[in-house]
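**Q** I have a structure here, written as structure tokens, and I will follow up with some questions on it.
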Amino acid sequence: MIRVVMDTTTGMTRQEFDQSGITMIPLYVRDGDKLYREQMDIFPDEFYRRERAGLIYETAQTNPADLVSVFKPIVEAGDEVVCVLISSAISGSVNAAHVAAQMLGAEERITIVDSLESGYGEAYLGHTAKNMADAGENRVEIVRALADIRSRTRTYFIMESLKWLFHGGRLTGAQYFVGSVIKLNPIVWFDEAGRMTSYDKTRTIKVAKDHMRQLVADCGKNGVEAATLHWPDNLDEAQGFHAEMEEILQAPVSYTKLSCVLGVHTGPDLLGPCIVMKAS
34 MIRVVMDTTT
44 GMTRQEFDQS
54 GITMIPLYVR
64 DGDKLYREQM
74 DIFPDEFYRR
84 ERAGLIYETA
94 QTNPADLVSV
104 FKPIVEAGDE
114 VVCVLISSAI
124 SGSVNAAHVA
134 AQMLGAEERI
144 TIVDSLESGY
154 GEAYLGHTAK
164 NMADAGENRV
174 EIVRALADIR
184 SRTRTYFIME
194 SLKWLFHGGR
204 LTGAQYFVGS
214 VIKLNPIVWF
224 DEAGRMTSYD
234 KTRTIKVAKD
244 HMRQLVADCG
254 KNGVEAATLH
264 WPDNLDEAQG
274 FHAEMEEILQ
284 APVSYTKLSC
294 VLGVHTGPDL
304 LGPCIVMKAS
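Going by the numbering used here, the first residue of the sequence shown is number 34, and it counts up by one from there.
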């Protein structure tokens with residue numbers, strides 16, 4: 034039997050993990066000396082409320098011991114693992130998972146998949162892996178399918194402020210100062226290498242949204258396999274853009290609450306389309 038494991042940056046709740054049969058790995062955010070496990074000690078609503086009140090969180094390194102505690106009972110039960118994780122370009126979780134597999138001496142039983150994504154882009158890979166495992170596909174077939182899906186996935190974010198990218202370590206002080214002076218509202222994306230980087234440096238939210246609409250249309254021109262809109266704590270704004278996405282794509286679009294870990298870098302005001310383009 035193949036068991037699928039994913040981390041909490043997918044935006045899935047603990048209940049959704051339980052219902053799906055996918056094993057959850059909680060990642061961490063830090064407030065000073067206090068560590069919080071996402072979906073166990075802290076949840077998005079509380080997290081974003083505190084961010085709005087001025088609290089600056091940090092992310093914390095994934096401990097291989099946490100992954101050992103997840104992998105060990107699966108391996109001891111005689112099962113195999115497909116572990117889908119947040120992009121290695123923005124997190125050490127993939128490396129920690131490899132260390133954990135080595136500590137258990139179970140590298141041949143555990144397949145680590147670098148999603149090169151986070152949020153829904155990662156979650157969609159995990160659900161696909163679970164469906165394929167349930168259908169009797171092997172790990173090689175699953176990894177091949179996930180690589181194809183990854184190549185067809187695009188995730189973009191519009192942020193109201195550069196402040197969070199700066200505090201999250203994604204911008205230097207000079208970049209933050211210059212961007213703030215000229216009032217940049219950047220479009221950020223997960224690039225081909227899984228880096229969370231600037232796609233476009235727009236000067237106003239209106240221009241950013243116009244460009245985002247065009248990006249959504251470009252992604253949907255040959256059909257859509259799946260689509261969502263990430264949002265942290267701006268539901269009214271998200272509902273408006275969600276309706277526009279459905280009109281542009283002529284396809285259903287879900288909502289994904291942005292995880293606390295990603296929220297460290299983005300803040301509470303964000304619009305984040307994720308589109309899995311239909312295979313040609």
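C-beta atoms are modelled at their ideal positions from N, C-alpha and C, and glycine is treated no differently.
#1: Report the option in A166, L88, K239, Y232 whose CA atom is closest to the CA atom of S53.
#2: Find the nearest neighbour of R185 within the set D99, K311, H298, judged by alpha-carbon distance.
#3: Should the stretch 76-86 be called in touch with the stretch 116-123, which here means at least 3 C-beta pairs below 8 Å?
#4: Looking at the secondary structure, which residues open and close the alpha helix (DSSP H) in which D224 lies?
#5: Ordered along the chain, which non-local residues of its own chain (more than five positions away) have a Cβ less than 6 Å from that of S121?
#6: Go ahead and label L68 buried or exposed: buried means 16 or more other beta carbons lie within 10 angstroms of its beta carbon, across all protein chains shown.
#7: Scan the stretch 105-150 and note each continuous alpha helix (DSSP H) run of 4 residues or more that stays entirely inside, going in chain order.
#8: Out of curiosity, what's the CA-to-CA distance linking A241 and P219?
#9: I'd like to know whether the C-beta atoms of L291 and G253 end up nearer to each other than 7 Å.
#10: Whole angstroms are fine: how far does the CA of T235 sit from the CA of H244?
#11: How long is the line joining the alpha carbons of D266 and A178, rounded to whole angstroms?
#12: Mapping the DSSP letters down to three states, classify P301 as helix, strand or coil.
#13: For R70, name the three-state secondary structure that DSSP assigns.
#14: With contact counted as at least three CB pairs below 8 Å, one residue from each stretch, are the stretch 44-63 and the stretch 93-111 in contact?
#15: In the DSSP output, which residue or residues are listed as bridge partners for H263?
#16: Residue range of the beta strand (DSSP E) that M39 falls in?
#17: In whole angstroms, what separates the C-alpha of K163 from that of D51?
#18: Here's the rule I'm using: 16 or more other beta-carbon atoms within 10 Å means buried, otherwise exposed. How should S287 be labelled?
#19: Who are the near neighbours of G159 in its chain, counting only those whose CB is closer than 7 Å to its CB and skipping five residues on each side?
#20: Return the CA-CA distance between N171 and A156, expressed in angstroms with no decimal places.
#21: Might you give, ordered along the chain, the residues of its own chain that have their beta carbon closer than 6 Å to the beta carbon of M73, omitting 5 neighbours on each side?
#22: What are the uninterrupted segments assigned as alpha helix (DSSP H) that are 4 or more residues long and contained completely in the stretch 54-102, given in chain order?
#23: Please classify V249 as buried or exposed, where buried requires at least 16 neighbouring CB atoms within 10 angstroms.
#24: Decide if the stretch 125-140 is in contact with the stretch 187-194; the criterion is three or more beta carbon pairs, one per stretch, under 8 Å apart.
#25: Give the secondary structure of T186 by DSSP, where H, G and I count as helix, E and B as strand, and everything else as coil.
#26: V10 to T188, Cα distance in whole Å?
**A** In brief:
#1: The residue given as residue 53 occupies position 20 in the sequence shown. Measuring from the Cα of S53, the nearest candidate turns out to be A166.
#2: What you label residue 185 is simply residue 152 of the sequence shown in a count that begins at 1. Looking at the Cα atoms, K311 is the closest of the given residues.
#3: no
#4: The sequence position of residue 224 within the sequence shown is 191, counting from 1. First-last for D224: undefined, no H or E at that position.
#5: By one-based count along the sequence shown, residue 121 stands at place 88. Taken in chain order, the residues that qualify are V127, D147.
#6: For this step, residue 68 is matched to residue 35 along the sequence shown. It is exposed - the Cβ of L68 has fewer than 16 other Cβ atoms within 10 Å.
#7: 126-137
#8: Numbered from its first residue, the sequence shown carries residue 241 at position 208. Numbered from its first residue, the sequence shown carries residue 219 at position 186. Cα to Cα, A241 sits roughly 7 Å from P219.
#9: For this step, residue 291 is matched to residue 258 along the sequence shown. For this step, residue 253 is matched to residue 220 along the sequence shown. Their beta carbons are not under 7 Å apart, which means L291 does not touch G253 by this criterion.
#10: In the sequence shown, counting from the first residue as 1, residue 244 sits at position 211. In the sequence shown, counting from the first residue as 1, residue 235 sits at position 202. C-alpha separation (whole angstroms): 9 Å.
#11: Indexing the sequence shown from 1 puts residue 266 at position 233. Indexing the sequence shown from 1 puts residue 178 at position 145. Looking at the two C-alpha atoms, the distance is approximately 33 Å.
#12: Along the sequence shown, read from residue 1 onward, the residue named residue 301 stands at position 268. Correct three-state label for P301: coil.
#13: Walking along the sequence shown from the start, residue 70 turns up at place 37. Three-state DSSP puts R70 in a strand.
#14: yes
#15: Translated into the one-based positions of the sequence shown, residue 263 becomes position 230. The partner list for H263 (beta bridge, DSSP) reads T289, G305.
#16: Numbered from 1 along the sequence shown, position 6 holds the residue referred to as residue 39. Residues 35-40.
#17: Counting from 1 along the sequence shown, the entry for residue 163 is found at position 130. Counting from 1 along the sequence shown, the entry for residue 51 is found at position 18. Going by the C-alpha atoms only, they are around 13 Å apart.
#18: As a working note, residue 287 is residue 254 in the sequence shown. Exposed, because fewer than 16 other Cβ atoms sit within 10 Å of the Cβ of S287.
#19: The residue labelled residue 159 in the question sits at position 126 within the sequence shown. For G159, where only same-chain residues beyond five positions count, the Cβ hits under 7 Å are V37, M39, T43, I55, V117.
#20: On the sequence shown, residue 171 is found 138 positions in, with the first residue counted as 1. On the sequence shown, residue 156 is found 123 positions in, with the first residue counted as 1. If I take the Cα positions, the gap works out to 19 Å.
#21: Translated into the one-based positions of the sequence shown, residue 73 becomes position 40. Correct list, in chain order: P59.
#22: 77-85
#23: Taking the first residue of the sequence shown as 1, we reach residue 249 at position 216. Buried, by the Cβ-count rule.
#24: no
#25: Sequence index remark: in the sequence shown, residue 186 carries index 153 (1-based). In this structure, T186 counts as strand in the three-state DSSP scheme.
#26: Absent from the model: residue 10. The displayed extent of the chain is 34 to 313, so no value can be given.
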